[in-house]
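Under this note's numbering, residues 2 to 247 are what the sequence shown spells out, in order.
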Amino acid sequence: MDVVLIAVAAVYGALAGVLTRRARFRLAVEPEEGWRSTAPCGHAVGGWVGAARCGACGERYGPGAPAPPWWPAVMTAVVCGGLAAAVGIRPELAVWLLAVPVGVVLAGVDRQVHRLPDVLTLPLAAGTALLLGAASLIPGAAGSWPRALLGGLALGGGYLALFLLHPSGMGFGDVKLAAGLGCALGWYGWWPLLQGALAGLLLASCYGNALRITHRVPRGASIPLGPFLIAGAWAGVLAGALRAKG
């Protein structure tokens, strides 16, 4: 059964990786700009779910165009398959699988334009909290909903303090993202919350230092934190799920 579950989750992840490309293209704009509604070919872009291909002329657009959209599909398939393997048939797995596509879009947009749109970070935080509350009512759930809420407050509050102390080092979008990720990490306990938070900061630090050592960015330049916070949260959720699974 675990093999079937992992395969289904991986296929779902692959489809999600392809179908989120349009949202990434439309949301990857500067703060003062509106969401994209026109493709580079000049044709209108409608909807938020779908491959980054113009329906009128067939031209690819978006991040990585004209390369085929294989890497988001592979990455998201690995993430979803890993979650299924670690969590197993538990109610919270549905919450994680629903959150993954949102995280993929946020990571892609932040990497491209250093922005985490409220239209995704706020629903991610609220949706994770509410859905985990529903999951906690189903037999077999392995986490704690009150602790998940406290985890969101703790991680969000921690990043708010860092933002106030050093606003040039991160954006307020990182604070709102941290609230949602804290809910997910707190579900399994305080130790996974600490692991996920530290893993995200460590990954970001290693990446930033590597860029500066190789002179790809000037010293003091900011890097997008979102992708690393999301990757660290995934690692923390995996560790917590494996511990809960025994």
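In this text, a Cβ means the ideal position worked out from N, Cα and C, and glycines have one as well.
If you draw a straight line from the C-alpha of residue 147 to the C-alpha of residue 55, how long is it? Those two C-alpha atoms are separated by around 45 Å.
If you follow the alpha helix (DSSP H) that residue 21 is in, where does it begin and where does it stop? Premise fails: residue 21 is in no alpha helix (DSSP H) and is neither H nor E.
Beta carbon of residue 188 nearer than 7 Å to that of residue 149: At a Cβ-Cβ threshold of 7 Å, residue 188 and residue 149 count as neighbours.
Span of the alpha helix (DSSP H) around residue 46: For residue 46, there is no enclosing alpha helix (DSSP H), since its DSSP letter is neither H nor E.
Buried or exposed by the 16-neighbour rule on C-beta atoms within 10 Å, applied to residue 153: By the 10 Å Cβ count, residue 153 comes out buried.
Assuming residue 228 is part of the alpha helix (DSSP H), what are its boundary residues? Per DSSP, residue 228 belongs to the alpha helix (DSSP H) from 227 to 246.
In angstroms, rounded to a whole number, what distance separates the CA positions of residue 202 and residue 175? C-alpha separation (whole angstroms): 12 Å.
Quickly, what does DSSP pair residue 39 with across the bridge? List them, please. Residue pairing by DSSP places residue 39 opposite 45 in a beta bridge.
May I have the straight-line CA-CA distance separating residue 27 from residue 237, to the nearest angstrom? Going from the Cα of residue 27 to the Cα of residue 237 covers about 30 Å.
Assigned secondary structure, residue 116 (DSSP; H/G/I helix, E/B strand, else coil): Looking at residue 116 - three-state DSSP - the assignment turns out to be coil, as it is neither helix nor strand.
Given 8 Å as the limit, is there contact between the region 129 to 136 and the region 80 to 90, that is, 3 or more CB pairs closer than that? Under the Cβ criterion (8 Å, minimum of three pairs), the region 129 to 136 does not count as touching the region 80 to 90.
Taking residue 71 as part of the alpha helix (DSSP H), name the residues at either end of that continuous run. Boundaries of the alpha helix (DSSP H) around residue 71: 71 to 88.
Which full runs of the alpha helix (DSSP H) of 4+ residues lie inside the region 148 to 232, going along the chain? Here the runs fully enclosed are 173 to 187 and 191 to 214.
Give the straight-line distance between the Cα atoms of residue 211 and residue 224, rounded to the nearest whole angstrom. If I take the Cα positions, the gap works out to 11 Å.
Rounded straight-line distance, which links the Cα of residue 53 to that of residue 32: Their backbone Cα atoms lie some 22 Å apart in a straight line.
Use the C-beta contact count for residue 93: other C-beta atoms within 10 angstroms, 16 or more gives buried, fewer gives exposed. When all chains shown are included, residue 93 counts as buried.
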